[in-house]
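What follows is one structure encoded as C-alpha cells, with my remarks underneath.
Protein chains: 2
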Amino acid sequence: MKYKRALLALIYTLGIIMLAFCNNAAAQEKGQKVRLAKIIIDSSQLENYKAALTEEIEASLRLERGVLTLYAVAEKENPTHITILEIYADEDAYKAHLQTPHFIKYKTGTKNMVKSLELVETIPLMPAMKIK
Amino acid sequence: MKYKRALLALIYTLGIIMLAFCNNAAAQEKGQKVRLAKIIIDSSQLENYKAALTEEIEASLRLERGVLTLYAVAEKENPTHITILEIYADEDAYKAHLQTPHFIKYKTGTKNMVKSLELVETIPLMPAMKIK
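As they're listed, the protein sequences go chains X and A. Just so we're on the same page, the working numbering is the position in the first sequence counted from 1, plus 40. Just so we're on the same page, the working numbering is the position in the second sequence counted from 1, plus 40.
Quick look at the structure:
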C-alpha cells in the first residue's frame, strides 16, 4: 500500500515535469516574429505614403498588444526606400494584425503607391533587445 | 525712467525667447543618428562573429547612455546576412562609441570575418518609437 502511494506520487511528479517541458517547447515555437519589410515607394506619392504609414503604425502600437514595434526608416540618399523592423509577439499576433481595420485601410490605401515590397523573415540575435 | 525699465524688460524677454528658440534648433540639429548596418559574414566564421557581436552589443547598451539600441537580425534564408538597426542619441554619442574598448575589440576581432559592410544613414519616420 505504501509503495503504491509512492509510485502514484512519482507518476504525478513525472507528469508535472513533462507538462512543464511541453509548455516550454510550445512557448519557444510560438516565439516572436521578427521581420524586415523593404519597400520602394513611387516618389510622387511619398508624402501621402508616409502619412498613411504613420497613421497605421500609430494605431497598431496603440491598439494591438501583440505588435511590439514597427520601426520605420527612410534612407537619406534614397528617401523612397523604406525599411520597417517589424516585431510581433508571435505568429498569432501577426495574423490578428492583418485583420485589423487600420491595417486593411493602410494596405488598400497605399496599394498604388508601393512600387516594390520585399518581406524578409529574420532571427533576432538578442530577442530581449529594447530601445532606451 | 518708467519707459526705460519697460524697454529693458522687453529686450530681456525677447532675449530669453531667442535663446530658447536657438537651443531648440540646436537640439533638433543634434538629433538621433539612426542607421542600418548591412553586413555579410564569412559562413565558416558565422558563430564566432555572432558571439563577438553579442558581446559588443551587450557592453554598448550597458555602458553607453547614448547607445539607444543595436537591434541585430539574421535573415532566415541567408543566415550570413546580418542587419543592425543602430540608434544613437546624437552624433557625439556615436563618435564616443567608436572610441570604446568594447567597440575596438569587436571591430579588430571580426575584421577577417566580415565579407562586406554597408552603412546606410536613415531618417526615422517616428523618432520616439520604442519596442514594447
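Built from N, CA and C at the ideal position, the CB exists for glycine as well. Remember, predicted model here, so these are calculated numbers, not experimental data.
Notebook entry, point to check: If P167 (chain X) sits next to Q72 (chain X), beta carbons under 8 Å apart, how far is it from one beta carbon to the other, in whole angstroms?
Noted result: Their Cβ separation, rounded to whole angstroms, is 6 Å, which keeps P167 (chain X) and Q72 (chain X) in contact under 8 Å.
Note to self: Which of the three DSSP states is assigned to L159 (chain A) in this structure?
What the structure shows: Look at L159 (chain A) here: in three-state DSSP terms it is strand.
Note to self: Can you list, in chain order, the residues of its chain with a C-beta nearer than 6 Å to that of L157 (chain A)? Leave out the 5 residues immediately preceding and following it.
What the structure shows: For L157 (chain A), same chain residues with a beta-carbon under 6 Å away, outside a window of 5 residues either side, are I79 in chain order.
Next item on the list: Throw me the rounded Cβ distance for the I127 (chain X) and I171 (chain A) pair, which I believe falls under 8 Å.
Entry: Going by Cβ atoms, the distance from I127 (chain X) to I171 (chain A) rounds to 6 Å, so yes, they are a contact pair.
Notebook entry, point to check: Taking K151 (chain X) as the reference, which of X:N88, X:E98, X:K44 has the closest Cα?
Noted result: The shortest Cα separation from K151 (chain X) among X:N88, X:E98, X:K44 belongs to X:N88.
Note to self: Rounded to whole angstroms, what is the Cα-Cα separation between K116 (chain A) and I163 (chain X)?
What the structure shows: Rounded to whole angstroms, the gap between the alpha carbons of K116 (chain A) and I163 (chain X) is 6 Å.
Checklist line | Best match in A:G149, A:L138, A:E161, A:I124 for proximity to A114 (chain A) [C-alpha to C-alpha] | finding: The residue with the shortest Cα to Cα distance from A114 (chain A) is A:I124.
Note to self: Assuming the contact rule is C-beta atoms closer than 8 Å, A112 (chain A) and I97 (chain A) should be a hit. Round their C-beta distance to whole Å, please.
What the structure shows: Rounded, the Cβ-Cβ distance is 7 Å, consistent with contact.
Margin query: By DSSP's criteria, A114 (chain A) is part of a beta bridge. Which residues make up the other side?
Written below: A114 (chain A) is bridged to X:I163, A:I122.
Next item on the list: May I ask you to report which of helix, strand or coil DSSP gives I81 (chain A)?
Entry: Three-state DSSP puts I81 (chain A) in a strand.
Notebook entry, point to check: If we count the other Cβ atoms within 10 Å of its Cβ and call it buried at 16 or more, is I144 (chain X) buried or exposed?
Noted result: By the beta-carbon neighbour count (other beta carbons within 10 angstroms, threshold 16), I144 (chain X) is exposed.
Check: Is the Cβ of M225 (chain A) closer than 8 Å to any Cβ of chain X?
Finding: It is not possible to answer for residue 225 (chain A), since the shown part of chain A is limited to 41 through 172.
Item checked: Beta-carbon spacing of G106 (chain X), D82 (chain X) below 8 Å -> No, these two residues do not count as a Cβ contact at 8 Å.
Notebook entry, point to check: Rounded to whole angstroms, how far is the Cβ of L93 (chain A) from the Cβ of K90 (chain X), which I believe are closer than 8 Å?
Noted result: Their Cβ separation, rounded to whole angstroms, is 32 Å, which puts L93 (chain A) and K90 (chain X) out of contact at 8 Å.
Checklist line | Reference V160 (chain X), options X:V74, X:R45, X:A46, closest by Cα | finding: The candidate whose alpha carbon is nearest that of V160 (chain X) is X:V74.
Next item on the list: Measure the alpha-carbon distance for S100 (chain X) versus A133 (chain X) and round it to whole angstroms.
Entry: About 11 Å.
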